[in-house]
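Colleague:
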Amino acid sequence: MNTQSFVRAVSQLSFEHAFNPYTDHCAIFDRTDAARTRAAALEAMLESAMSEPVDAIWVGRDLGYRGGRRTGLALTDEVNANAHMNRWGVEIERPTMGDIVAERTAAVIWTMLAQIDARIFLWNVFPLHPHEPDRPFTNRTHNAKERRAGEDILAMLIELLQPRRIFAIGNDAALAVARIDATLPTIPVRHPSYGGQAQFLRQVRAAYNLVDPPEPTMPRLL
325 MNTQSFVRAV SQLSFEHAFN PYTDHCAIFD RTDAARTRAA ALEAMLESAM SEPVDAIWVG
385 RDLGYRGGRR TGLALTDEVN ANAHMNRWGV EIERPTMGDI VAERTAAVIW TMLAQIDARI
445 FLWNVFPLHP HEPDRPFTNR THNAKERRAG EDILAMLIEL LQPRRIFAIG NDAALAVARI
505 DATLPTIPVR HPSYGGQAQF LRQVRAAYNL VDPPEPTMPR LL
């Protein structure tokens with residue numbers, strides 16, 4: 325397995341009601357060569373990641389319509405796409421047109437990554453964007469068939485990068501990693517969406533020995 329064959333395997337994934345950013349084209353937001361651009365970025369980042377030991381793979385659930393569908397980068401929106409690629413020394417033109425779009429989960433993820441000087445690769449259990457039928461700009465949870473395909477790809481990625489550990493962001497990620505290799509050092513953390521942001525931040529700070537921000541000082545009432 326090399327980077328080209330890995331990107332090819334991801335690009336060949338095809339499911340109903342799921343957008344593959346490395347193959348599919350969004351007629352509304354994508355530039356003409358968007359899929360090729362996203363695939364090239366992924367391959368370049370993998371090549372860079374393989375050049376030195378990887379501390380961790382942070383594994384989320386699946387791509388979102390405001391984030392990875394557009395960037396082709398797991399847990400990353402367009403606001404943070406350059407920061408993501410800069411960590412791996414990669415420069416790729418933006419694959420989409422129009423206004424820069426932000427994603428809430430990506431903002432929380434990158435708030436922490438900006439404080440961590442470690443070689444961290446980002447991925448998802450299901451590396452495509454699953455959406456509701458006939459509603460491409462919605463998010464849904466991947467189904468069992470998609471999960472199995474995604475776990476096969478994740479197993480390939482782990483074999484390729486040989487990370488020291490896995491950060492499983494949310495229960496879906498933790499269960500998937502356990503099915504792939506129950507002996508792999510895995511740190512389960514709360515997914516930052518649906519009220520989990522504060523716990524996610526605390527868990528990541530603890531794992532990387534980061535200092536908690538000071539509590540805000542309340543003014544004295546006279």
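Using my numbering, read the sequence shown as starting at 325 and increasing by one per residue.
Virtual Cβ for every residue (Gly too), placed ideally from N, Cα, C.
Computed from a predicted model, the values in this text were never measured in an experiment.
What does Leu446 pair with, by DSSP beta-bridge criteria?
Modeller: Answer is Trp382, bridged to Leu446.
Colleague: Using 8 Å as the cut-off, can you tell me whether the stretch 373-383 makes contact with the stretch 336-344, which would need three or more C-beta pairs spanning the two stretches below that distance?
Modeller: Too few Cβ pairs lie closer than 8 Å, so no.
Colleague: Between which two residues does the alpha helix (DSSP H) containing Arg503 stretch?
Modeller: Arg503 -> alpha helix (DSSP H) spans 495-504.
Colleague: I need the straight-line Cα distance from Thr327 to Gln439, nearest angstrom please.
Modeller: Near 28 Å, if we compare the C-alpha coordinates of Gln439 and Thr327.
Colleague: Hey, how far is the Cα of Pro512 from the Cα of Phe491?
Modeller: Straight-line Cα distance between these residues: approximately 6 Å.
Colleague: Among residues of its own chain, excluding the 5 on either side of Asp505, which ones have a beta-carbon nearer than 8 Å to its beta-carbon?
Modeller: Cβ within range, chain order: Ala479, Ile482.
Colleague: Tell me where the beta strand (DSSP E) around Ile482 begins and ends.
Modeller: Note, Ile482: premise wrong, no beta strand (DSSP E); alpha helix (DSSP H) at 468-485.
Colleague: So within the stretch 390-418, which uninterrupted alpha helix (DSSP H) runs reach at least 4 residues, ignoring any that extend past its ends?
Modeller: Qualifying alpha helix (DSSP H) stretches, in chain order: 392-395, 405-411.
Colleague: Can you grab the Cα-Cα spacing for the pair Arg411 / Arg459, in whole Å?
Modeller: Cα to Cα, the separation comes out at about 33 Å.
Colleague: Three or more beta-carbon pairs under 8 Å between the stretch 442-454 and the stretch 378-389, yes or no?
Modeller: As far as the Cβ criterion goes, the stretch 442-454 touches the stretch 378-389, which means the pair count is three or higher.
Colleague: To the nearest angstrom, how far is the alpha carbon of Arg472 from that of Arg428?
Modeller: The alpha-carbon atoms of Arg472 and Arg428 are separated by roughly 27 Å.
Colleague: Would Leu399 and Ile433 qualify as a contact pair, given that the criterion is a beta-carbon distance under 8 Å?
Modeller: Against a cut-off of 8 Å, the Cβ pair of Ile433 and Leu399 comes out as a contact.
Colleague: Using the beta-carbon count (16 or more within 10 Å), is Glu402 buried or exposed?
Modeller: So Glu402 counts as buried.
Colleague: Smallest Cα separation from Arg393: which of Arg418, Val528, Gly520, Val414?
Modeller: Of Arg418, Val528, Gly520, Val414, the residue nearest in Cα terms is Arg418.
Colleague: Roughly how many whole angstroms lie between the Cα atoms of Val535 and Ile493?
Modeller: Between Val535 and Ile493, the C-alpha separation is close to 21 Å.
Colleague: Based on DSSP bridge pairs, tell me the residues matched to Ile511.
Modeller: DSSP lists Phe491 as partners of Ile511.
Colleague: Return the chain-ordered list of same chain residues with a C-beta closer than 6 Å to the C-beta of Gly520, the five sequence neighbours on each side being excluded.
Modeller: Correct list, in chain order: Arg514.
Colleague: Return helix, strand or coil for Arg428, following the three-state DSSP convention.
Modeller: Of the three classes helix, strand and coil, the one that applies to Arg428 here is helix, per DSSP.
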